[in-house]
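Q:
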Amino acid sequence: MENQPIGTNQILLLLGIALLTLNGVFSILIGFMLSMWYVSIIILEHRGVLDKWNSTRVLGLILMIRTNRGKKAAEWIARPRRLWRIFGEMSIWLCFSVMILLIIGILASALQTARAPAEQQVLPATDILFIPGVTSFVPIFWPLLALIVTVVIHEYGHGLQARAHGMRIRSFGVLLAGIIPVGAFYEPEQEEIRIAPSRERLRLFAAGPSINIVLTYVLIILLAGASHGLVATEKGVYAVGIVEDSGAEEAGLLPYELIMQVDDITLEDPEDLTNVLDAHVAGDTILLTVGTNPFYGPMETRTMEVTLTDKKAYYYELCGEDSECKSNVDQAGIEEGEGFLGVSGIKSADSAARVYGLPFEDGLTIGQRTILVAFSPLLFGAIPIQNQGQTMVLQERAFLSAGEGLIPSIFGTVGMLGLFDFLFWIMWISFLLGVANLIPLIPFDGGHMVRDAGHIVAKKIMPGSNPLKIERLADRLSGYSSLLVLALVMIPIILPRFF
699 MENQPIGTNQ ILLLLGIALL TLNGVFSILI GFMLSMWYVS IIILEHRGVL DKWNSTRVLG
759 LILMIRTNRG KKAAEWIARP RRLWRIFGEM SIWLCFSVMI LLIIGILASA LQTARAPAEQ
819 QVLPATDILF IPGVTSFVPI FWPLLALIVT VVIHEYGHGL QARAHGMRIR SFGVLLAGII
879 PVGAFYEPEQ EEIRIAPSRE RLRLFAAGPS INIVLTYVLI ILLAGASHGL VATEKGVYAV
939 GIVEDSGAEE AGLLPYELIM QVDDITLEDP EDLTNVLDAH VAGDTILLTV GTNPFYGPME
999 TRTMEVTLTD KKAYYYELCG EDSECKSNVD QAGIEEGEGF LGVSGIKSAD SAARVYGLPF
1059 EDGLTIGQRT ILVAFSPLLF GAIPIQNQGQ TMVLQERAFL SAGEGLIPSI FGTVGMLGLF
1119 DFLFWIMWIS FLLGVANLIP LIPFDGGHMV RDAGHIVAKK IMPGSNPLKI ERLADRLSGY
1179 SSLLVLALVM IPIILPRFF
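Residues in the sequence shown are numbered consecutively from 699, following our numbering.
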């Protein structure tokens, strides 16, 4: 049996792929391709071909391809060693700060799930891990390219910090699952890392996540610049929703249709529409010039007459018999007889792009800009989930075109939208990769950081103690913390499935 490339373990893994395919985690095509890939690399490994390629099979079906390319570049970039060591020290503080916030978030999620597991959403198996092309809200093309870029930068960050502290790099490389790159790595001289001071190892492990987080904020600024290169093809506003039995619905206005004019008054933003409607009362008839949404084909314009209804009567009807609700309507200053068009979620035609430039809008204080930029990764993080994998609602995106300027004129509309998507996904995945690696759980960077930090603390608490005793204590604390964090992470994933 030893001479056979396919043994019991290999058959079990193939059965595992088959079960995941049957349960919908993989499509039939992906399941088949993974199986063929797995069998192929087993045969190549058995025949010694992988050794000739300086490659290794790891975790069953992942191919680890090594290369010496990039080592000279890393050596050159790491020359200002003092600068990189300062960056490494700052990275420690940044990473532990993010780690604390991450632990609070994980704990809050676990407690919320434990209180009411039946009320929590059960995530599909394909959405637990953020895999391009597999996760429902992560498409394959731009996110896959972004994943390659961010993982390479992450591993290069580790490599640069290693060289800044005199540790050698054995190789860089890429991890393949089939034809899809699933990661990159830098391979250190393990003995040099093992004997390095704990503080230097902390800098080394913190370098990868911190460089991803720093990259995230650089990309937020670049995204704002790219968003300013996209403008509305036609000026106007649109409504996300149309109220039932309102004048707008009766006139035939549809969601995401562009309202360009009201009674020959051109609209550019929601405030313009509000000002026009404020000049009318319930029962008035206004003339709208409307353009169909370009997402469904070339824009066609038409006019429609809309009779305004009573805004206060509409909100009172929503309140029903709730007197407190009616009191809130009165306190909002809504008067009887106010004209009501019957639309909700009014936005300007360029709003899909403008939202990414909010931190840099005119009229904001430095403090407001700082807060918006700081929280932008969290604000933008939900966008692909809300938009089913898109960086913008497709109907809103259809209103945009390349603006003026050198870069928009070179790229054109398709190129600017593609550049925007690429920058967005690098930002999104870089933030996710950086934060996820700070989970205090080995083998993640955060787990190694907790272990080395525990070693430093134990050494200060027990000065003069046997180094082996300190090492064992640090390892034990790291192991317990890893088990605790793993349990907290698994609670929101597993508990709702049983209630």
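Backbone N, C-alpha and C define an ideal beta-carbon position, used for all residues, glycine too. On a predicted model such as this, the values are computed, not experimentally measured, just so you know.
Given 7 Å as the limit, tell me if Lys1010 has its C-beta closer than that to any heavy atom belonging to the ligand NAP.
A: Summarising the ligand content, the structure contains no ligands, and the ligand NAP is consequently not present.
Q: Please classify Cys1023 as buried or exposed, where buried requires at least 16 other C-beta atoms within 10 Å of its C-beta.
A: By one-based count along the sequence shown, residue 1023 stands at place 325. Counting Cβ neighbours within 10 Å, Cys1023 comes out exposed, since fewer than 16 surround it.
Q: Bridge partners for Gln959 per DSSP, in chain order?
A: The residue given as residue 959 occupies position 261 in the sequence shown. Under DSSP, Gln959 shares a beta bridge with Thr964, Thr987.
Q: Comparing alpha-carbon positions, which option in Val1155, Arg1170, Ile1140 lies nearest Leu1182?
A: For the purposes of this step, residue 1182 is identified with residue 484 of the sequence shown, where counting begins at 1. That would be Ile1140, whose Cα lies nearest to the Cα of Leu1182.
Q: If you run the structure through DSSP and keep just helix, strand and coil, what is Gly768?
A: Here the question's residue 768 lines up with position 70 in the sequence shown. Three-state result, Gly768: coil.
Q: Please classify Phe870: does DSSP put it in a helix, a strand, or coil?
A: The count along the sequence shown starts at 1 and reaches residue 870 at position 172. In the structure shown, Phe870 sits in a strand (DSSP, three-state: E or B).
Q: Pick helix, strand or coil for Val979, following the three-state DSSP scheme.
A: If you number the sequence shown from 1, residue 979 lands on position 281. Reduced to three states, the DSSP call for Val979 is strand.
Q: Using DSSP with H/G/I as helix, E/B as strand and the rest coil, what is Val1004?
A: As a working note, residue 1004 is residue 306 in the sequence shown. Of the three classes helix, strand and coil, the one that applies to Val1004 here is strand, per DSSP.
Q: With 16 other CB atoms within 10 Å as the buried threshold, where does Thr1007 fall?
A: Position 309 of the sequence shown, counted from the first residue, corresponds to residue 1007. Buried: at least 16 other Cβ atoms inside 10 Å.
Q: Is the distance from the Cβ of Ser1046 to the Cβ of Pro968 below 8 Å?
A: Mapped onto the sequence shown, residue 1046 falls at position 348. Mapped onto the sequence shown, residue 968 falls at position 270. Yes; because the gap between Cβ atoms is below 8 Å, this pair is in contact.
Q: Alpha carbon to alpha carbon, how far is Gly906 from Met1125?
A: As a working mapping, residue 906 is identified with position 208 in the sequence shown. As a working mapping, residue 1125 is identified with position 427 in the sequence shown. For Gly906 and Met1125, the distance between alpha carbons rounds to 15 Å.
Q: By DSSP's criteria, Met762 is part of a beta bridge. Which residues make up the other side?
A: Here residue 762 refers to the residue found at position 64 when the sequence shown is read from its first residue. In DSSP, Met762 forms a bridge with Thr754, Leu873.
Q: I think Met1002 touches Leu971, with their Cβ atoms under 8 Å apart; what is that distance to the nearest whole Å?
A: One-based indexing of the sequence shown puts residue 1002 at position 304. One-based indexing of the sequence shown puts residue 971 at position 273. So it is not a contact: roughly 15 Å between Cβ atoms.
Q: When DSSP labels each residue in this structure, what does Leu1039 get in the three-state scheme?
A: Here residue 1039 corresponds to residue number 341 of the sequence shown, with the count starting at 1. Coil.
Q: Can you tell me where the beta strand (DSSP E) holding Val938 begins and where it ends?
A: As a position in the sequence shown, residue 938 is number 240, starting the count at 1. Counting along the chain, the unbroken beta strand (DSSP E) around Val938 starts and ends at 935 to 940.
Q: With a Cβ-Cβ cutoff of 8 Å, do Leu902 and His852 count as a contact?
A: One-based indexing of the sequence shown puts residue 902 at position 204. One-based indexing of the sequence shown puts residue 852 at position 154. Contact: no.
Q: Have a look at Val960 and Leu1186 and give me their C-alpha separation to the nearest angstrom.
A: The sequence position of residue 960 within the sequence shown is 262, counting from 1. The sequence position of residue 1186 within the sequence shown is 488, counting from 1. Looking at the two C-alpha atoms, the distance is approximately 55 Å.
Q: Am I right that Thr914 and Pro815 are in contact with their C-beta atoms under 8 Å? What's the rounded C-beta distance?
A: Counted from its first residue, the sequence shown places residue 914 at position 216. Counted from its first residue, the sequence shown places residue 815 at position 117. Not a contact, Cβ separation roughly 33 Å.
Q: Looking at the strands, I want to know which residues DSSP matches up with Ile1044.
A: Residue mapping note: residue 1044 aligns to position 346 of the sequence shown, counting from 1. Note: Ile1044 sits in a beta bridge opposite Ala937.
Q: Counting along the chain, where does the beta strand (DSSP E) carrying Met929 start and finish?
A: The residue given as residue 929 occupies position 231 in the sequence shown. A small correction: the amino acid at residue 929 is Val; Met does not occupy that position in the sequence shown. Start and end: 928 to 930.
Q: So, for Ile800: in the same chain, excluding its five sequence neighbours on each side, which residues have a beta-carbon less than 7 Å away from its beta-carbon?
A: Looking up residue 800 in the sequence shown gives position 102. According to the sequence displayed, residue 800 carries Leu and not Ile. Only Val1133, Leu1136, Ile1137 meet the Cβ criterion.
Q: Rounded to whole angstroms, what is the Cα-Cα separation between Glu700 and Thr706?
A: For the purposes of this step, residue 700 is identified with residue 2 of the sequence shown, where counting begins at 1. For the purposes of this step, residue 706 is identified with residue 8 of the sequence shown, where counting begins at 1. Here Glu700 scores only 48 on pLDDT, less than 50, and its place in the model is too uncertain to base an answer on.
Q: Pairs of beta-carbons, one from the region 1155 to 1164 and one from the region 929 to 937, closer than 8 Å: are there three or more?
A: These segments do not touch.
Q: Helix, strand or coil: how does DSSP classify Thr1068 here?
A: For the purposes of this step, residue 1068 is identified with residue 370 of the sequence shown, where counting begins at 1. Correct three-state label for Thr1068: helix.
Q: Just mark Asp976 as buried or exposed, buried being the case when its beta carbon has 16 or more other beta carbons within 10 Å.
A: What you label residue 976 is simply residue 278 of the sequence shown in a count that begins at 1. The residue in question, Asp976, is exposed, as its Cβ has fewer than 16 Cβ neighbours within 10 Å.
Q: Evaluate the contact criterion for the region 769 to 785 versus the region 1103 to 1121: three or more CB pairs, one atom per stretch, below 8 Å.
A: no
Q: How would you label Pro992, buried or exposed, when you count the other beta carbons within 10 angstroms and need 16 or more for buried?
A: Sequence index remark: in the sequence shown, residue 992 carries index 294 (1-based). So Pro992 ends up on the buried side.
Q: If you follow the alpha helix (DSSP H) that Leu799 is in, where does it begin and where does it stop?
A: Translated into positions along the sequence shown, residue 799 becomes position 101. Unbroken alpha helix (DSSP H) run through Leu799: 779 to 813.
Q: Could you have a look at Leu1062 and say whether DSSP puts it in helix, strand or coil?
A: Locating residue 1062 in the sequence shown gives position 364, where the first residue counts as 1. Correct three-state label for Leu1062: coil.
Q: For a test of the three-state rule: what should DSSP assign to Glu1033, helix, strand or coil?
A: Translated into the one-based positions of the sequence shown, residue 1033 becomes position 335. Glu1033 falls in the coil class under three-state DSSP.
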